[in-house]
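Engineer: Below: one structure in structure tokens.
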Amino acid sequence: MMIGSLLERVDLASNMITQMSDLSRHPFLEELNLQSNQIQAIAGLEQLRYLHTLDLSSNELTEIRGLADLPLEELYLDNNKIGKLENLGTLQNLRVLSIRDNEIAELSHAQLLSSLVAFDVRGNSISRMRQLEHLLNLPFLSAAAFAENPISELDWYRHRVLVRLQRLVVLDDRPVTAEEKVRAVNFHGGREEAIPHLKEAAYENDSDLGHRALTHEEHFPGTEFVNFLPPFQEPEPLLQA
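Sequential numbering from 9 applies to the sequence shown in the numbering used here.
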């Protein structure tokens, strides 16, 4: 039996490593910490069928490669020079992705991460709020961080995030309350069906617009409800299909 073949956890942080070697002789490796080195490319992990946690933060990576079909549950790529979110679609067990302080501008690839629970992409180059709409169909996403991106400087930043990602319970390390979610929906005028379906809008969606429309109908039946507090209109164009 080769020495090291039963290793499960390895910490090689801050060792001035410049190149990843073939780790296939450690097939039972579960956790690998390579942060704070000088690694420029991900390699040598193909045979690690038990690897669930990988930390490559604070290296010199410029792209994401070499991770296909790994059983990763947690991946940390903070503080590199990565310009594109890519080659993660086969990581079907990935629950935590931290890729803060890189150069990422768009999030379309993230929609493939169906098991994602926590996503930290702060300190990147995301300038369009609608990029977050790529995350709409991630059923388990409950914690996210977008601070220190250009979008975090936009007016009504938290409202505009929460009206899109209503499953979030933590945004930028700050808890999201039910009241804050309601305010975000109200700010955008409630659901578009608020007027045709007054009771549903008022009671199921808890929309302020729905409540006001219902009150108007009760006191002025048969007359048109006019909303004198127009909702916020998203100025960004729709994402291209």
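Yeah, the Cβ is synthetic: ideal placement off N, Cα and C, and Gly gets one too.
If you check the beta carbons only, do LEU20 and LEU37 fall under 8 Å apart?
Structural biologist: Going by C-beta atoms, LEU20 is not nearer than 8 Å to LEU37.
Engineer: Around the C-beta of ARG182, are 16 or more other C-beta atoms found within 10 angstroms, so that it is buried, or is it exposed?
Structural biologist: With fewer than 16 Cβ atoms within 10 Å of its Cβ, ARG182 is classed as exposed.
Engineer: Going by other Cβ atoms of all chains shown within 10 Å of its Cβ, with 16 needed for buried, is VAL193 buried or exposed?
Structural biologist: So VAL193 ends up on the buried side.
Engineer: Using a Cβ-Cβ cut-off of 6 Å (strictly less than) and excluding sequence neighbours within five positions of GLU82, which residues of its own chain qualify?
Structural biologist: So the list reads THR61, VAL104, once near-sequence residues are dropped.
Engineer: Since ARG78 contacts LEU99 with CB under 8 Å, what's their CB separation in whole angstroms?
Structural biologist: According to the sequence provided, residue 78 is Leu. The question's Arg does not apply to it. Right, their Cβ atoms sit about 7 Å apart.
Engineer: On the criterion of 16 or more Cβ atoms from any shown chain inside 10 Å, does GLN43 qualify as buried, or is it exposed?
Structural biologist: Per the 10 Å Cβ criterion, buried.
Engineer: Just to confirm before moving on: does the CB-CB distance between LEU64 and ILE50 stay below 8 Å?
Structural biologist: A contact, by the Cβ cut-off of 8 Å.
Engineer: Mind checking GLN139: buried by the 16 CB within 10 Å criterion, or exposed?
Structural biologist: Buried, because 16 or more other Cβ atoms sit within 10 Å of the Cβ of GLN139.
Engineer: I need the straight-line Cα distance from GLU111 to LEU176, nearest angstrom please.
Structural biologist: Rounded to the nearest angstrom, the two C-alpha atoms are 24 Å apart.
Engineer: Taking 6 Å as the limit between beta carbons, can you name the residues of its chain near VAL178, skipping five residues before and five after?
Structural biologist: ALA151, listed in sequence order.
Engineer: To the nearest angstrom, how far is the alpha carbon of ARG33 from that of TYR58?
Structural biologist: Taking the straight line joining both Cα atoms gives about 13 Å.
Engineer: Tell me the residue span of the beta strand (DSSP E) that contains ARG17.
Structural biologist: First-last of the beta strand (DSSP E) with ARG17: 17-19.
Engineer: Looking only at its chain, what residues have a beta carbon closer than 7 Å to the beta carbon of SER29, apart from the 5 residues adjacent to it on each side?
Structural biologist: Same-chain partners within the cutoff: GLY52.
Engineer: Report back the beta-carbon spacing between ASN87 and SER66 to the nearest angstrom; my notes put them in contact at under 8 Å.
Structural biologist: Correct: roughly 4 Å between the Cβ atoms.
Engineer: Residues in the same chain with beta-carbon distance under 6 Å from LEU85, minus the five sequence neighbours each way, listed in chain order, please.
Structural biologist: Within the same chain, LEU85 has close Cβ partners LEU64, ILE107.
Engineer: Taking a contact to mean a Cβ-Cβ separation below 8 Å, would you say VAL125 touches LEU149 in this structure?
Structural biologist: Cβ atoms of VAL125 and LEU149: closer than 8 Å.
Engineer: List the endpoints of the continuous beta strand (DSSP E) containing PHE127.
Structural biologist: Start and end: 126-128.
Engineer: Given this structure, state the Cα-to-Cα distance separating GLU114 from PRO158, to the nearest angstrom.
Structural biologist: Taking the straight line joining both Cα atoms gives about 12 Å.
Engineer: Between the C-alpha atoms of VAL171 and LEU15, what's the straight-line distance to the nearest angstrom?
Structural biologist: Those two C-alpha atoms are separated by around 46 Å.
Engineer: Taking the alpha-carbon positions, what's the GLN135 to VAL184 distance?
Structural biologist: For the record, residue 135 in the displayed sequence is Ser; it is not Gln. Rounded to whole angstroms, SER135 to VAL184 spans 22 Å at the Cα level.
Engineer: What is the rounded straight-line gap between the Cα of GLU68 and the Cα of ASN132?
Structural biologist: Going from the Cα of GLU68 to the Cα of ASN132 covers about 16 Å.
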